[in-house]
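Numbering (this note's numbering), first residue to last: 4 to 479.
We put the CB at the ideal spot given by N, CA and C, even for glycine.
None of the values given here were measured: they were computed from a predicted structure.
What follows is a short report on a single structure.
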Ligand code: FAD
Ligand code: AMP
């Protein structure tokens with residue numbers, strides 16, 4: 004095969020595209036992965052939004068800011084006396100950048116180990132499964148592929164009346180790279196990204212106001228958990244205004260005036276920085292040349308079937324650019340499935356069992372249906388909860404807040420949904436994901452031994468509470 008002929012060409016090296024390329028390499032296919040991501044410092048890097056401007060840098064700052072907060076407010080309770088605690092934001096940001104660099108360089112190493120040809124540049128698909136790559140120096144190279152995988156990801160939604168300038172009115176990426184703590188921070192959107200970024204800067208000292216158009220807080224989350232979360236965020240000083248729709252914003256004189264409307268009428272809020280976190284949209288700009296025939300729906304998503312096949316033979320699409328939750332792990336599984344299917348193997352994604360995590364403190368994680376969804380579906384159900392206040396390990400961690408909740412079917416005991424707000428909820432949910440993947444009954448979890456004292460006992464006790472058999476809890 005010539006240097007430009009491949010079995011598979013993947014466009015996009017985010018968490019959907021790079022795993023597709025790696026698995027294709029493992030399947031002994033000749034594979035190239037093309038990516039155009041460029042960081043603010045001008046360097047190209049594989050890893051897409053997730054590694055460069057999303058999951059990883061946000062988690063680095065959430066960790067650092069939480070430690071800062073705990074050093075100030077919690078260490079004393081443990082009997083640890085510290086002097087004056089000061090923030091060195093430059094060092095915190097340096098650490099964030101260095102984690103990102105290590106991880107994105109890691110992809111290069113993984114590509115090498117799995118025989119993937121990584122190519123930096125813009126990829127444009129032509130009819131007949133060709134991909135023209137425009138390199139950083141403007142040179143063009145045409146790749147021919149038996150199969151093409153489109154993994155171009157997503158980009159932040161910007162509001163026309165809130166003109167993004169990258170300095171005062173910013174997106175989530177800019178908000179991860181602030182070099183000073185804004186005294187007053189506005190966030191539009193109380194979704195996952197808005198709450199995580201709001202938490203980071205609140206902990207580091209900003210006065211944070213979150214403006215959310217919807218009247219309901221976290222509508223996609225089980226409402227017992229959402230209410231508990233709202234209470235904690237309020238206590239932390241996050242001012243979350245619900246039913247507050249932002250109409251416009253304008254930066255002037257080093258500040259931003261934000262106009263929003265709620266039930267009482269129109270108001271103006273002045274902040275030093277305004278983060279627009281109103282969601283993300285699929286990104287397909289410059290991806291498809293005329294005549295490829297690949298169908299894109301009205302909202303901009305590439306249309307695919309349940310196996311991520313587009314309408315064009317041997318063209319596949321995965322990750323944020325297709326339907327389904329915009330989550331890195333969902334894209335990863337789709338990428339792996341597609342690479343296995345291309346190689347003639349088996350591949351499947353169980354869309355019913357995809358965990359979600361909000362990395363606030365307390366952390367929020369869930370899988371399956373909320374109680375509200377089960378109720379609306381009409382299937383008789385039973386519920387068990389267990390509070391972390393009754394968990395010895397959580398208490399020892401000074402983290403006795405929140406709860407685990409399990410919703411199960413009354414008829415056959417199937418676990419329908421697991422919802423956790425509390426310490427390391429994102430780690431705890433993995434057990435529930437595995438249980439649901441194996442169609443576990445509640446009794447299966449009840450009869451599974453959980454080490455003591457661990458946070459995972461909360462899941463065990465919640466499962467017991469479903470049948471009013473909790474030992475350490477009150478069976479609510
Ligand atoms: P992307 O990561 O967007 O990658 C697409 C890549 O394709 C990019 O590198 C892009 O430059 C490249 N590309 C696009 N078009 C072309 C082209 N024509 N030629 C060449 N290259 C191209 N998800 C989680 O699961 N957990 C989290 O904790 C989490 N936190 C987040 C925090 C923030 C602040 C943000 C913004 C997102 C977060 N997400 C999180 C979402 C997650 O980042 C996305 O779901 C994930 O990155 C989608 O992966 P992807 O591969 O589909 O797309
Ligand atoms: P997510 O899609 O989870 O990232 O969340 C984005 C949030 O932004 C949603 O809850 C939207 O309701 C909210 N949102 C969108 N537009 C506006 C607006 N103009 N003013 C306030 N909130 C908004």
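### Task
Output yes or no for whether 7 Å exceeds the beta carbon distance between residue 368 and residue 432.
Numbered from 1 along the chain shown, position 365 holds the residue referred to as residue 368. Numbered from 1 along the chain shown, position 429 holds the residue referred to as residue 432. Taking 7 Å as the Cβ cut-off, residue 368 and residue 432 qualify as a contacting pair.
### Query
Should residue 357 be listed as close to the ligand AMP, given that the test is whether its C-beta is under 6 Å from any heavy atom?
Position 354 of the chain shown holds residue 357. Residue 357 Cβ: outside cutoff for every heavy atom of the ligand AMP.
### Message
Under 7 Å, CB to any heavy atom of the ligand ATP. Which residues pass, going along the chain?
### Response
Questions concerning the ligand ATP fall outside what the structure shown contains, since the ligands it does hold are the ligand FAD and the ligand AMP.
### Task
Using DSSP bridges, identify the partner residues of residue 36.
Along the chain shown, one-based indexing puts residue 36 at 33. Per DSSP, 13 and 121.
### Task
Compare the C-beta of residue 21 against all C-beta atoms of chain D and say whether one is closer than 7 Å.
Of the chains in the structure shown, none is chain D; there is only one protein chain.
#### Entry: DSSP beta-bridge partners of residue 211
In the chain shown, residue 211 corresponds to position 208, counting from 1. Beta-bridge pairing links residue 211 to 188.
### Check: residue 290 C-beta below 6 Å from any heavy atom of the ligand FAD
Sequence index remark: in the chain shown, residue 290 carries index 287 (1-based). Yes, the Cβ of residue 290 comes within 6 Å of a heavy atom of the ligand FAD.
#### Entry: Paired residues, beta bridge with residue 255 - DSSP
Your numbering for residue 255 matches position 252 in the chain shown. Partner(s): 258.
### Query
Closest to residue 336 by CA distance: which of 92, 237 and 350 is it?
Locating residue 336 in the chain shown gives position 333, where the first residue counts as 1. Nearest of 92, 237 and 350 to residue 336, Cα basis: 350.
### Task
To the nearest angstrom, report how far apart residue 5 and residue 112 are at their CA atoms.
Indexing the chain shown from 1 puts residue 5 at position 2. Indexing the chain shown from 1 puts residue 112 at position 109. About 23 Å.
### Task
Assuming residue 129 contacts residue 135 (C-beta within less than 8 Å), just tell me the rounded distance between them.
Sequence index remark: in the chain shown, residue 129 carries index 126 (1-based). Sequence index remark: in the chain shown, residue 135 carries index 132 (1-based). Going by Cβ atoms, the distance from residue 129 to residue 135 rounds to 6 Å, so yes, they are a contact pair.
### Message
To the nearest angstrom, how far is the alpha carbon of residue 191 from that of residue 10?
### Response
Numbered from 1 along the chain shown, position 188 holds the residue referred to as residue 191. Numbered from 1 along the chain shown, position 7 holds the residue referred to as residue 10. Distance between the alpha carbons of residue 191 and residue 10 is about 44 Å.
### Task
Would you identify the three-state DSSP class for residue 447, choosing helix, strand or coil?
Looking up residue 447 in the chain shown gives position 444. The answer is helix: DSSP assigns residue 447 an H, G or I state.
### Task
Please classify residue 430: does DSSP put it in a helix, a strand, or coil?
What you label residue 430 is simply residue 427 of the chain shown in a count that begins at 1. Residue 430 falls in the helix class under three-state DSSP.
### Message
Quick test of the definition: if touching needs 3 or more C-beta pairs under 8 Å, does the region 275 to 283 touch the region 158 to 170?
### Response
yes
### Query
Would you say residue 400 and residue 388 are within 7 Å of each other, going by their C-beta atoms?
On the chain shown, residue 400 is found 397 positions in, with the first residue counted as 1. On the chain shown, residue 388 is found 385 positions in, with the first residue counted as 1. For residue 400 and residue 388, no; Cβs fall outside 7 Å.
### Query
Pick from 469, 302 and 212: whose alpha carbon is nearest that of residue 275?
Translated into positions along the chain shown, residue 275 becomes position 272. Considering only alpha carbons, the answer is 212.
#### Entry: residue 12 versus 155, 303, 434 and 42, residue with shortest Cα-Cα distance
Numbered from 1 along the chain shown, position 9 holds the residue referred to as residue 12. The residue with the shortest Cα to Cα distance from residue 12 is 155.
### Task
Can you tell me which of the three DSSP states residue 284 falls into?
As a first step, residue 284 must be located in the chain shown, where it is residue number 281. Three-state DSSP puts residue 284 in a strand.
### Task
Report yes or no: do three or more beta-carbon pairs, one from the region 88 to 99 and one from the region 56 to 73, lie closer than 8 Å?
yes
### Query
Does the Cβ of residue 340 lie closer than 6 Å to at least one heavy atom of the ligand FAD?
The residue given as residue 340 occupies position 337 in the chain shown. Checking the Cβ of residue 340 against the ligand FAD gives no.
### Message
At the level of alpha carbons, what is the spacing between residue 364 and residue 426?
### Response
Within the chain shown, residue 364 is the residue found at index 361, counting from 1. Within the chain shown, residue 426 is the residue found at index 423, counting from 1. Taking the straight line joining both Cα atoms gives about 7 Å.
### Message
Is residue 329 a contact residue of the ligand FAD, with contact defined as CB to any heavy atom under 6 Å?
### Response
As a first step, residue 329 must be located in the chain shown, where it is residue number 326. Result yes, Cβ under 6 Å from the ligand FAD.
### Message
For a quick check, are the C-beta atoms of residue 126 and residue 34 less than 7 Å apart?
### Response
As a position in the chain shown, residue 126 is number 123, starting the count at 1. As a position in the chain shown, residue 34 is number 31, starting the count at 1. No, Cβ-Cβ distance for residue 126 and residue 34 is not below 7 Å.
### Message
Within 10 Å of its beta-carbon, does residue 414 have 16 or more other beta-carbons around it, so buried, or fewer, so exposed?
### Response
Taking the first residue of the chain shown as 1, we reach residue 414 at position 411. Residue 414 comes out exposed.
### Message
Distance check for residue 153 and residue 109, CA to CA, integer angstroms please.
### Response
Here residue 109 refers to the residue found at position 106 when the chain shown is read from its first residue. Here residue 153 refers to the residue found at position 150 when the chain shown is read from its first residue. Each residue's Cα considered, the two are about 22 Å apart.
### Local Cβ density within 10 Å of residue 101, reported as buried at 16 or more and exposed below that
Taking the first residue of the chain shown as 1, we reach residue 101 at position 98. Label assigned to residue 101: exposed.
### Query
On the three-state DSSP scale, how would you describe residue 216?
Counting from one through the chain shown, the residue named residue 216 turns up at place 213. Looking at residue 216 - three-state DSSP - the assignment turns out to be coil, as it is neither helix nor strand.
### Query
Beta carbon of residue 390: closer than 6 Å to some heavy atom of the ligand FAD?
Taking the chain shown and counting its residues from 1, the one referred to as residue 390 is at position 387. No, the ligand FAD has no heavy atom inside 6 Å of this Cβ.
#### Entry: the region 163 to 181 in contact with the region 322 to 341 per 3-pair CB rule at 8 Å
no
### Query
What is the rounded straight-line gap between the Cα of residue 313 and the Cα of residue 53?
Position 310 of the chain shown holds residue 313. Position 50 of the chain shown holds residue 53. Each residue's alpha carbon lies about 24 Å from the other.
### Query
Sorry if obvious, but does the Cβ on residue 125 come closer than 6 Å to a heavy atom of the ligand FAD?
By 1-based counting over the chain shown, the position of residue 125 is 122. It does: the Cβ of residue 125 is within 6 Å (strictly closer) of some heavy atom of the ligand FAD.
### Task
With DSSP as the reference, please indicate the residues paired to residue 270 in a beta bridge.
Here the question's residue 270 lines up with position 267 in the chain shown. Answer by DSSP bridge pairing, in chain order: 263.
### Query
If we count the other Cβ atoms within 10 Å of its Cβ and call it buried at 16 or more, is residue 310 buried or exposed?
Your numbering for residue 310 matches position 307 in the chain shown. With fewer than 16 other Cβ atoms within 10 Å, it is exposed.
### Task
Take the Cβ of residue 330 as the centre, count every other Cβ of all protein chains shown within 10 Å, and call the residue buried at 16 or more, exposed below.
As a working note, residue 330 is residue 327 in the chain shown. The residue is buried, with at least 16 neighbouring Cβ atoms inside 10 Å.
### Query
Quick one: what's got a C-beta closer than 6 Å to residue 496's C-beta in the same chain, skipping five residues either side?
The question about residue 496 has no answer here: the residues shown for the chain are numbered 4 through 479.
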